[in-house]
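In the UniProt record's numbering, the protein residues as written are 1 to 196.
Every residue gets a Cβ at the ideal spot worked out from N, C-alpha and C, and that includes glycine.
Keep in mind the model is a prediction, meaning the values are calculated, not measured.
Let me begin by presenting the structure, written as structure tokens, before commenting on it.
Pasting the structure below:
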């Protein structure tokens, strides 16, 4: 489990294609400081398992399913990525419950820079639309954010200077594809209601 509070921006240092999947190596001095084989690290919001740590670089296997359902297949050497280690039971839950199980992708439709924050608008794919609510939580590339507006085919978020500086969201351009994870509680509530 994760919180959506990004610990650092990492850099992809190698991608080796293997059997429909990939072996991804990422530089991240903060997240590798105590990482070991078998640990979970979210890369742009996708929970991945560490298979090797060497100096400040960790390597993870990325299966075809993850490449197909997320934006990870579009990464290249030098790409910046958001990194977060799995939360420990004795830590504060600063964002919201994020599983690292991406529900789909969205496209950045517009970016409106402000004096103190930026307003961003994203496409809202039909399969995830029922779970997105104004003032609700959403994870975009692993970042815990609050939905500011929502309509039939798009939603908006506002980003404070800290988020713009410390995550990849400050570098995102119109047309970029991002990973989306909706609030897991909304999915469970729907399942309970539908079963009744």
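{"Asked": "Stretch pair the stretch 148-162 + the stretch 119-129: three plus CB contacts closer than 8 Å", "Found": "yes"}
{"Asked": "Secondary structure of residue 9, DSSP reduced to three states", "Found": "strand"}
{"Asked": "Short Cβ contact (8 Å threshold) for residue 181 with residue 90", "Found": "no"}
{"Asked": "Per DSSP, cross-strand counterpart(s) of residue 81", "Found": "10"}
{"Asked": "Closest Cα partner of residue 143 within the set 20, 43, 39, 16", "Found": "43"}
{"Asked": "Burial state of residue 160, where buried means 16 or more other Cβ atoms lie within 10 Å", "Found": "exposed"}
{"Asked": "Buried/exposed call for residue 63, threshold 16 Cβ in 10 Å", "Found": "exposed"}
{"Asked": "Paired residues, beta bridge with residue 52 - DSSP", "Found": "59"}
{"Asked": "At least 3 beta-carbon pairs within less than 8 Å: the stretch 101-116 vs the stretch 189-196", "Found": "no"}
{"Asked": "Straight-line Cα distance separating residue 196 from residue 9", "Found": "44 Å"}
{"Asked": "Cβ neighbours of residue 147 in the same chain (closer than 8 Å, five flanking residues each side left out)", "Found": "132, 133, 134, 135, 136, 137, 138, 155, 156, 157"}
{"Asked": "Residue 132 (DSSP reduced to helix, strand or coil)", "Found": "coil"}
{"Asked": "Inter-residue CB distance, residue 12 and residue 100 (contact presumed, cutoff 8 Å)", "Found": "Not quite, the Cβ-Cβ distance comes to about 18 Å (not below 8 Å), so this is no contact."}
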